[in-house]
Structures are given as C-alpha cells and as structure tokens.
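A.B. asks: Residue numbering for the sequence shown follows the numbering used here, starting at 274 and increasing by one per position. Glycine residues also receive a C-beta, built at the ideal position from the N, C-alpha and C atoms. Below you'll find the structure I mean.
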Amino acid sequence: MSTLLHIDSSPRGERSISRHLGADFVASWEKAHPGSQVIYRDLGRQPVPYVDEAWIAAAFNPEATPEQKQVLALSETLIGELLAADHYLFTVPMYNLSVPAVFKGWIDQIVRVGKTFSFGENGLEGLLKGKKATFITASGSVFREGTPFAPWNFQEPYLRAIFGFIGVTDLHFVVADGVNDVNYGKVDRETYLQPVRAKAQELASA
274 MSTLLHIDSS PRGERSISRH LGADFVASWE KAHPGSQVIY RDLGRQPVPY VDEAWIAAAF
334 NPEATPEQKQ VLALSETLIG ELLAADHYLF TVPMYNLSVP AVFKGWIDQI VRVGKTFSFG
394 ENGLEGLLKG KKATFITASG SVFREGTPFA PWNFQEPYLR AIFGFIGVTD LHFVVADGVN
454 DVNYGKVDRE TYLQPVRAKA QELASA
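Right, dumping it as structure tokens:
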C-alpha cells in the first residue's frame, strides 16, 4: 500500500492556487493508487513551533532527558510521517523569493542528525532514501530559468538542496508562476490553471 504525505503551507485558504492544485493532485493520486493512505498537515493554518534553545539542546544530546524527549516529541512525529510515506506532496507558494516561514519551520523540525541525515565514513549521508517528492509552487511573477527574475529564485534551488541533503533526490516541480495575472483579473483563473493542473495530475497518476 502506498502512502502519500501531503503538506500545505499557504495561509490563503480557498484563494490559494497551490492548495487547489494540491487537492487535484491528491484526487488523481488516490484514483491511481486504490487503497492508499494520505497523511495530511496544514502548516498554513496550524504551523509547527520554531526551534529554540531547548530544542537544540535536546536534539544534540545523545542521552536526552525525559524533559528533552518531550521537547522533541513533535519533531519525532513529523519525522515518523516522512518515514511512513513513500511519496511526498508539498504545496509551497513563493514568499519573498523563497519559502513561507511556516514551511521553513517544518524543515527545521525534520532535518536532524541521526534521524534524517548522518555523517559516516563517506561523509554526509541523507537517510530518507527511495522517496519521491512533488512540489507545487506558486509565484506572482515568473522566475523560471531564462527569465529576467530567474537569479532571484531562491525557492526551488533551496528545496532541491535541502531535500537532497536528507536523501530525497527524486524531485518533481509543478510551477504555477505569473499568478498576479490571475489575481488581478488579467487572465481567467480556470484557463490559467488547466495546463498546470494537467501536469500535476499526470505526475500523480504515474
């Protein structure tokens, strides 16, 4: 049985393009994988806590106290979700050229030495092997390679780097860019979404 971990990070609710595309992806994925399981988290509405001094002290203590283990309880749960799933779906709008703070907060909770990466005889090793990740991103302007704003895109390079760091290298991106034309009524929303939705559904059905 396949398991999909689906994480939304936009706070925009029904107005969110990335959320709508993510819902389309999940519907197609469930159809293509009968009997599958979906683990869902909504960081846009229920963000995880940011790491603090107590978290750092606990995470780097090989003999954590009961109190420190409690501090790390949510982190352990989030990592457990990653381990349980074989496919990840992340819907990530671009905020200020990168990812939303709530998504970065989630990343900080799950990137842990000895849990999702390690240092061994061959140096750094990501531990989440054999996983597949699909990212549905949305941005007001166009930041694709070859465009004037491409050097300002710190979102996709960061996502590729940090997930590669923890061993996830089978990465796929569905890019919904230039959505300001949709938001300001210059382009019909459904007309704009049709080809992007088709790509998301194709990846989900693979």
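Should residue 425 be counted as a contact of the ligand COA given a C-beta to heavy atom distance under 6 Å?
C.D. replies: Absence of the ligand COA from the depicted structure is noted, as is the absence of any ligand whatsoever, leaving it without description.
A.B. asks: Give the straight-line distance between the Cα atoms of residue 370 and residue 364, rounded to the nearest whole angstrom.
C.D. replies: 15 Å
A.B. asks: So what does residue 409 bridge to, in DSSP terms?
C.D. replies: 364 and 447
A.B. asks: Could you check where the alpha helix (DSSP H) with residue 333 kicks off and where it finishes?
C.D. replies: Going by DSSP, residue 333 is part of no alpha helix (DSSP H) at all; its letter is neither H nor E.
A.B. asks: Starting from residue 350, trace the alpha helix (DSSP H) in both directions and tell me its first and last residue.
C.D. replies: 346–357
A.B. asks: Within its chain, find whatever has a CB closer than 6 Å to the CB of residue 331; leave out the 5 residues flanking it on each side and keep chain order.
C.D. replies: 337, 341, 344 and 345
A.B. asks: Using only CA atoms, which one of 477, 282, 284 and 436 lies nearest to residue 385?
C.D. replies: Per the Cα distances, 436.
A.B. asks: Do residue 355 and residue 298 have their C-beta atoms within less than 7 Å of each other?
C.D. replies: no
A.B. asks: Could you say if the region 390–397 and the region 314–331 meet the contact criterion of at least three C-beta pairs nearer than 8 Å?
C.D. replies: no
A.B. asks: Considering Cα atoms alone, identify which of 410, 334, 405 and 323 is closest to residue 378.
C.D. replies: The alpha carbon of residue 378 has as its nearest neighbour, out of 410, 334, 405 and 323, the alpha carbon of 323.
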